[in-house]
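Undergrad:
Numbering (my numbering), first residue to last: 22 to 262.
#1: If you check the beta carbons only, do residue 137 and residue 56 fall under 9 Å apart?
#2: Taking only the alpha-carbon atoms, compute the straight-line gap between residue 243 and residue 139 and give it to the nearest angstrom.
#3: Where are the beta strand (DSSP E) runs, 3 residues long or more, that stay fully inside the stretch 73-117, in chain order?
#4: Tell me whether residue 169 is buried or exposed, calling it buried when 16 or more other Cβ atoms sit within 10 Å of its Cβ.
#5: Residue 147: buried (16+ other C-beta within 10 angstroms of its C-beta) or exposed?
#6: Grab me the residues of residue 127's own chain with a C-beta within less than 6 Å of its C-beta, minus the 5 sequence neighbours each way, in chain order.
#7: Can you give the Cα-Cα distance for residue 92 and residue 167, rounded to whole angstroms?
#8: Tell me whether residue 254 sits in a helix, a strand or coil according to DSSP, three-state version.
#9: Nearest-angstrom Cα distance between residue 142 and residue 180?
#10: Which residues in the same chain as residue 218 place their Cβ atom closer than 6 Å to its Cβ, once the five residues preceding and following it in sequence are excluded?
#11: For residue 145, I'd like the list of residues in its chain whose CB is within less than 7 Å of its CB, leaving aside the five on either flank, ordered along the chain.
#12: Taking only three categories from DSSP, how would you classify residue 205?
#13: Below 8 Å on the Cβ atoms is my contact criterion, and I expect residue 158 with residue 246 to pass it. Report the Cβ-Cβ distance as a whole number of Å.
#14: What number of angstroms, rounded off, separates the C-alpha of residue 226 from the C-alpha of residue 97?
#15: In three-state DSSP terms, what is residue 243?
#16: Using DSSP bridges, identify the partner residues of residue 216.
#17: Going by DSSP, name the residue or residues bridged to residue 131.
#18: With respect to the beta strand (DSSP E) encompassing residue 169, which residues constitute its N-terminal and C-terminal limits?
#19: Assuming residue 58 is part of the beta strand (DSSP E), what are its boundary residues?
#20: Within 10 angstroms of its Cβ, does residue 236 collect 16 or more other Cβ (buried), or is it exposed?
#21: Who are the near neighbours of residue 150 in its chain, counting only those whose CB is closer than 7 Å to its CB and skipping five residues on each side?
#22: Measuring alpha carbon to alpha carbon, tell me which of 182, 224 and 233 ends up nearest residue 102.
#23: Going by other Cβ atoms of all chains shown within 10 Å of its Cβ, with 16 needed for buried, is residue 72 buried or exposed?
#24: Tell whether a beta-carbon distance below 9 Å holds between residue 134 and residue 63.
#25: With 16 as the cutoff for other CB atoms within 10 Å, does residue 130 come out buried or exposed?
Encoded structure:
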């Protein structure tokens, strides 16, 4: 009788457990941002990978309604070829689209990061997957300082910044604002890294010749440019500031 009682109690316990409602998984918050955002940094002289220098853009995007997982800073080896960086960027974009369910991303590219981004759009795996691209202090037509790159033997990417490089020529052939992407660029006469600073501007893009004095690295924290870019990504029709 004692064993029979335990069998009955055990059966009742497991039956109750089987009938108990399951706890639903925590739902993923709905997307409120226009597109996920990928930030592509530029060259670093000695190949350091910076980890926090784009926090102002990340925080501003989150404050606008982006989820943290919708804002990614792509940090490749700054001294590897931009062709390799473009291939890595394509993988980042694909993973971000799969994770968020979005159909396209927006890109903010700084300095040399514009070369990898544009290469990915035109020649690698980002074609048809980018809605907007903002280039800040972008090396779209190179910089005269890259003529010193033979000294930087440790960097494969440095020579690609030369105005006469084959990469620059390929990216700017026929159509500088390639594909179905909307492009905008920003630079200031105070940029002494991209020389001439107008090298940033692209035919067919919204080109902002910033009257304020913003240095080459100042774009990483420049509030007006951050706000303009996020407004534009969200559908602002303004074409200048």
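Beta carbons are placed, not taken as given, at the ideal position from N, Cα and C, and that holds for glycine.
TA: From the atom records:
#1: What you label residue 137 is simply residue 116 of the chain shown in a count that begins at 1. What you label residue 56 is simply residue 35 of the chain shown in a count that begins at 1. It is not a contact, given that the beta carbons lie outside the stated cut-off.
#2: As a first step, residue 243 is located in the chain shown; it is residue number 222 there, counting from the start. As a first step, residue 139 is located in the chain shown; it is residue number 118 there, counting from the start. Spanning the two alpha carbons is a distance of roughly 23 Å.
#3: List check, beta strand (DSSP E) in window: 92-94.
#4: By 1-based counting over the chain shown, the position of residue 169 is 148. Exposed is the call here.
#5: The residue labelled residue 147 in the question sits at position 126 within the chain shown. Around the beta-carbon of residue 147, 16 or more other beta-carbon atoms lie within 10 Å, marking it buried.
#6: Taking the first residue of the chain shown as 1, we reach residue 127 at position 106. If we look at residue 127 and ignore the five residues flanking it on each side, its Cβ neighbours are 56, 58, 152, 153 and 254.
#7: Residue numbering aside, residue 92 sits at position 71 when the chain shown is read from its first letter. Residue numbering aside, residue 167 sits at position 146 when the chain shown is read from its first letter. Approximately 31 Å between the Cα atoms of the pair.
#8: Taking the chain shown and counting its residues from 1, one reaches residue 254 at position 233. DSSP places residue 254 within a helical segment (H, G or I) once states are collapsed to three.
#9: Your numbering for residue 142 matches position 121 in the chain shown. Your numbering for residue 180 matches position 159 in the chain shown. Approximately 21 Å, taken between the alpha carbons.
#10: On the chain shown, position 197 is the one that residue 218 refers to. Counting only Cβ-Cβ distances below 6 Å, and skipping sequence neighbours, we find 208, 210 and 212.
#11: Position 124 of the chain shown holds residue 145. Excluding residues within five positions, the ones whose Cβ falls inside 7 Å are 107, 108 and 111.
#12: By 1-based counting over the chain shown, the position of residue 205 is 184. For residue 205, the secondary structure class from DSSP, reduced to helix, strand or coil, is strand.
#13: Counting from 1 along the chain shown, the entry for residue 158 is found at position 137. Counting from 1 along the chain shown, the entry for residue 246 is found at position 225. Not really, about 10 Å apart at Cβ, beyond 8 Å.
#14: Looking up residue 226 in the chain shown gives position 205. Looking up residue 97 in the chain shown gives position 76. Answer to the nearest angstrom: the Cα atoms are 26 Å apart.
#15: Looking up residue 243 in the chain shown gives position 222. Reduced to three states, the DSSP call for residue 243 is coil.
#16: Within the chain shown, the letter at position 195 stands for residue 216. Beta-bridge pairing links residue 216 to no other residue.
#17: Against the chain shown, residue 131 aligns to sequence position 110. According to DSSP, which records beta bridges pairwise, residue 131 is partnered with 157.
#18: Residue 169 sits at position 148 when you count from the first residue of the chain shown. Premise fails: residue 169 is in no beta strand (DSSP E) and is neither H nor E.
#19: Position 37 of the chain shown holds residue 58. 58-61 is the span of the beta strand (DSSP E), which, as asked, contains residue 58.
#20: In the chain shown, residue 236 corresponds to position 215, counting from 1. Looking at its Cβ environment, which holds fewer than 16 other Cβ atoms inside 10 Å, residue 236 is exposed.
#21: For the purposes of this step, residue 150 is taken as the residue at position 129 of the chain shown. If we look at residue 150 and ignore the five residues flanking it on each side, its Cβ neighbours are 114, 118, 125 and 126.
#22: For the purposes of this step, residue 102 is taken as residue 81 along the chain shown, with counting starting at 1. Nearest option by C-alpha distance: 182.
#23: Locating residue 72 in the chain shown gives position 51, counting from the first residue. That one is exposed.
#24: Position 113 of the chain shown, counted from the start, is the residue given in the question as residue 134. Position 42 of the chain shown, counted from the start, is the residue given in the question as residue 63. The answer is yes: Cβ separation under 9 Å.
#25: Taking the chain shown and counting its residues from 1, one reaches residue 130 at position 109. Its Cβ being crowded by 16 or more others within 10 Å, residue 130 is buried.
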